[in-house]
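**Student:**
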Amino acid sequence: MKWFSPIAHATEAPIALTRVLTPTFGLVCGGFLLMIFLGFVADGEVARRWPRLASSGPLHADLEEKLIRLATGAFFLLLWDNGAKVAWGHGSAILTPELVATNGWMGPLQAAIAVSVAWRRGCLFAAAGICVLYGYAIALFGIFHMTDYVFFPTLAAYLAISAIRGRRALALLVPLVSGGLAFGLMWTAVEKFVYPQWTLYIVAEHPDLAFGFPWPFAVTVAGFVEFTLAFHVMTGRGLVRFSAAAYAAIFLAAIPEFGHLDAVGHILIVGILAVVCLRGASPLQRLLGVVERTPLANAAAISAIYLVSLAGFIAMYYGLHWMEFG
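The opening position of the sequence shown corresponds to residue 2 in the numbering used here, with each subsequent residue numbered one higher.
In structure tokens, the structure reads:
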């Protein structure tokens with residue numbers, strides 16, 4: 002939302018929790034909780050009956066790595082060419098459109114990152130460069146703001162591991178990028194609950210996004226859609242590819258409405274989601290997913306984790322903002 006809403010400022014206090022936990026919020030949450038339960042019944046059944054559909058394992062590992070490197074190279078090349086910054090910003094984008102600064106060293110570093118991922122060994126330099134840019138963005142905008150973009154350090158870890166090629170560490174590649182992305186998407190989904198005015202500003206500019214529903218209701222539903230799909234990307238097994246594809250479709254469908262800024266800014270996200278579609282379930286899902294004896298018991302356990310995760314993310318949002326800004 003920060004890319005398209007000039008009123009979005011992370012230093013602004015979130016709305017009171019009592020204004021978040023409204024009857025509408027409870028009603029929508031109940032509906033999505035039911036969908037989570039039914040979805041994980043199907044998810045567990047697919048994983049049990051057709052394990053090859055659930056995951057291809059490392060069969061496409063080389064293609065996955067090339068996709069990540071290609072998306073990374075294209076993204077940083079466009080950043081270097083000043084292809085992504087918000088209209089009200091002055092300078093160049095550090096990592097995403099609304100993280101704008103004017104230092105001249107950023108462009109050459111972005112270009113060097115784009116070039117270095119062409120070679121596997123060069124990915125180590127790219128990883129270091131991404132960490133430098135992320136650290137610089139933290140220095141300017143703070144940890145709270147940069148929690149939105151936690152997938153950048155996990156991407157850096159992916160590139161470093163792919164360059165070093167440690168046998169045991171290679172198993173962490175897909176869990177790192179998919180887990181980091183899912184966390185970031187769940188975090189930004191919560192923004193729609195605690196900063197609804199940011200999204201309402203955009204809906205006022207693009208009213209078709211509400212699909213005819215009252216705007217506050219549409220914003221709440223949008224937040225739950227994003228949170229739920231990201232939660233399933235992190236914990237699903239049999240149908241995790243479906244969630245990744247659905248999320249990628251949402252990002253791609255937004256491009257005609259929001260233009261090249263949206264296309265440039267989401268290159269990396271779509272690339273990572275494409276990798277999840279190729280791989281399916283990875284060690285991440287086996288670590289976080291609950292595997293009970295029956296699909297019903299598994300779905301009930303995951304539904305409880307979903308509620309705890311939602312409450313935890315909301316609590317982290319308020320807590321981290323209070324710690325940084327008081």
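Ideal Cβ positions, reconstructed from N, Cα and C, are used throughout, including at glycine. Please read all numbers here as calculations on a predicted model, not as lab measurements.
If contacts are defined as beta-carbon pairs under 8 Å, then T189 and F26 qualify, I think. What distance do you get, rounded to the angstrom?
**Tutor:** Within the sequence shown, numbered from 1, the residue matching residue 189 stands at position 188. Within the sequence shown, numbered from 1, the residue matching residue 26 stands at position 25. So it is not a contact: roughly 17 Å between Cβ atoms.
**Student:** Within the chosen definition, does the stretch 119 to 131 reach the stretch 80 to 94 through at least 3 CB pairs nearer than 8 Å?
**Tutor:** These segments do not touch.
**Student:** Quick one: give me the first and last residue of the alpha helix (DSSP H) that L274 is part of.
**Tutor:** Start at 1 with the first residue of the sequence shown, and residue 274 comes out as number 273. Its alpha helix (DSSP H) spans residues I268 to R280.
**Student:** To the nearest whole angstrom, what separates the beta carbons of G239 and A9, a pair I think is in contact under 8 Å?
**Tutor:** Position 238 of the sequence shown, counting from 1, holds the residue named residue 239. Position 8 of the sequence shown, counting from 1, holds the residue named residue 9. That pair is no contact at about 37 Å.
**Student:** Locate the alpha helix (DSSP H) running through K193, then write down its first and last residues.
**Tutor:** What you label residue 193 is simply residue 192 of the sequence shown in a count that begins at 1. Element bounds for K193: L174 to V195.
**Student:** Could you tell me the alpha carbon to alpha carbon distance between H233 and G327, rounded to whole angstroms?
**Tutor:** Here residue 233 refers to the residue found at position 232 when the sequence shown is read from its first residue. Here residue 327 refers to the residue found at position 326 when the sequence shown is read from its first residue. Distance between the alpha carbons of H233 and G327 is about 33 Å.
**Student:** The alpha helix (DSSP H) spanning D44 covers which residue range?
**Tutor:** Within the sequence shown, numbered from 1, the residue matching residue 44 stands at position 43. Where D44 is concerned, the enclosing alpha helix (DSSP H) stretches over P24 to R50.
**Student:** As an exercise, report each continuous alpha helix (DSSP H) stretch of at least 4 residues that is fully enclosed by the stretch 89 to 119, in chain order.
**Tutor:** Qualifying alpha helix (DSSP H) stretches, in chain order: 107 to 117.
**Student:** Assign W81 to buried or exposed, taking buried as 16 or more other Cβ atoms, counted over all protein chains shown, within 10 Å of its Cβ.
**Tutor:** To locate residue 81, count along the sequence shown from 1; it is residue 80. Under this definition W81 is a buried residue.
**Student:** Buried or exposed for T229, going by 16 or more other Cβ atoms inside 10 Å?
**Tutor:** In the sequence shown, counting from the first residue as 1, residue 229 sits at position 228. Burial call: buried.
**Student:** Pick from F41, L156, H61 and I256: whose alpha carbon is nearest that of V241?
**Tutor:** Position 240 of the sequence shown, counted from the first residue, corresponds to residue 241. Nearest option by C-alpha distance: F41.
**Student:** Name, in chain order, the residues that DSSP records as bridge partners for S56.
**Tutor:** Position 55 of the sequence shown, counted from the first residue, corresponds to residue 56. Paired residue(s): G281.
**Student:** When burial is assigned at 16 or more other CB atoms within 10 Å of the CB, is E192 buried or exposed?
**Tutor:** Position 191 of the sequence shown, counting from 1, holds the residue named residue 192. Classification for E192: buried.
**Student:** Helix, strand or coil for E325 per DSSP?
**Tutor:** As a position in the sequence shown, residue 325 is number 324, starting the count at 1. Helix, per DSSP.
**Student:** Under the criterion of a Cβ to heavy atom distance below 7 Å, does A48 qualify as lining the ligand COA?
**Tutor:** Ligands displayed in this structure: none; no statement on the ligand COA is therefore possible.
**Student:** D149: which of P176, L182 and L22 sits nearest, CA to CA?
**Tutor:** One-based indexing of the sequence shown puts residue 149 at position 148. The shortest Cα separation from D149 among P176, L182 and L22 belongs to L182.
**Student:** Do L68 and V276 have their beta-carbon atoms positioned less than 8 Å apart in this structure?
**Tutor:** For the purposes of this step, residue 276 is taken as the residue at position 275 of the sequence shown. For the purposes of this step, residue 68 is taken as the residue at position 67 of the sequence shown. Contact: yes.
**Student:** State the DSSP-derived secondary structure class of G136, mapped to helix, strand or coil.
**Tutor:** The count along the sequence shown starts at 1 and reaches residue 136 at position 135. Correct three-state label for G136: helix.
**Student:** Considering just the uninterrupted stretch of the alpha helix (DSSP H) at G74, what are its terminal residues?
**Tutor:** Taking the first residue of the sequence shown as 1, we reach residue 74 at position 73. Where G74 is concerned, the enclosing alpha helix (DSSP H) stretches over A62 to W81.
**Student:** Return the CA-CA distance between L54 and G281, expressed in angstroms with no decimal places.
**Tutor:** Within the sequence shown, numbered from 1, the residue matching residue 54 stands at position 53. Within the sequence shown, numbered from 1, the residue matching residue 281 stands at position 280. If I take the Cα positions, the gap works out to 8 Å.
**Student:** From K3 to A172, what does the alpha carbon distance come to, in whole angstroms?
**Tutor:** As a first step, residue 3 must be located in the sequence shown, where it is residue number 2. As a first step, residue 172 must be located in the sequence shown, where it is residue number 171. Approximately 34 Å between the Cα atoms of the pair.
**Student:** Tell me whether M2 sits in a helix, a strand or coil according to DSSP, three-state version.
**Tutor:** The residue labelled residue 2 in the question sits at position 1 within the sequence shown. If DSSP states are grouped into helix, strand and coil, M2 belongs with coil.
**Student:** For the alpha helix (DSSP H) that contains Y150, what are its first and last residues?
**Tutor:** To locate residue 150, count along the sequence shown from 1; it is residue 149. That residue, Y150, is in no alpha helix (DSSP H); it is neither H nor E in DSSP.
**Student:** Rounded to a whole number of angstroms, what is the C-alpha to C-alpha distance between I144 and T12?
**Tutor:** Here the question's residue 144 lines up with position 143 in the sequence shown. Here the question's residue 12 lines up with position 11 in the sequence shown. Each residue's alpha carbon lies about 11 Å from the other.
**Student:** CB E46 to CB P296, shorter than 8 Å?
**Tutor:** Along the sequence shown, one-based indexing puts residue 46 at 45. Along the sequence shown, one-based indexing puts residue 296 at 295. In contact: E46 and P296 (Cβ atoms closer than 8 Å).
**Student:** Note down, in chain order, each residue of its chain lying with its Cβ closer than 7 Å to the Cβ of L274, except the 5 sequence neighbours on either side.
**Tutor:** In the sequence shown, counting from the first residue as 1, residue 274 sits at position 273. Once the five neighbours on either side are set aside, the close Cβ partners of L274 are A245, Y248 and A249.
**Student:** In or out: M324 buried (at least 16 other Cβ within 10 Å) or exposed?
**Tutor:** Indexing the sequence shown from 1 puts residue 324 at position 323. M324 comes out exposed.
**Student:** According to the neighbour-count rule (16 or more other Cβ atoms, all chains shown, within 10 Å of its Cβ), is L79 buried or exposed?
**Tutor:** Within the sequence shown, numbered from 1, the residue matching residue 79 stands at position 78. Buried.
**Student:** If you measure between the beta carbons of L160 and A127, is that distance less than 8 Å?
**Tutor:** Stepping through the sequence shown from its first residue, residue 160 is reached at position 159. Stepping through the sequence shown from its first residue, residue 127 is reached at position 126. Yes, the Cβ-Cβ distance between L160 and A127 is below 8 Å.
**Student:** Is it true that the CB of Y202 sits closer than 8 Å to the CB of L18?
**Tutor:** Along the sequence shown, read from residue 1 onward, the residue named residue 18 stands at position 17. Along the sequence shown, read from residue 1 onward, the residue named residue 202 stands at position 201. Not closer than 8 Å, so no.
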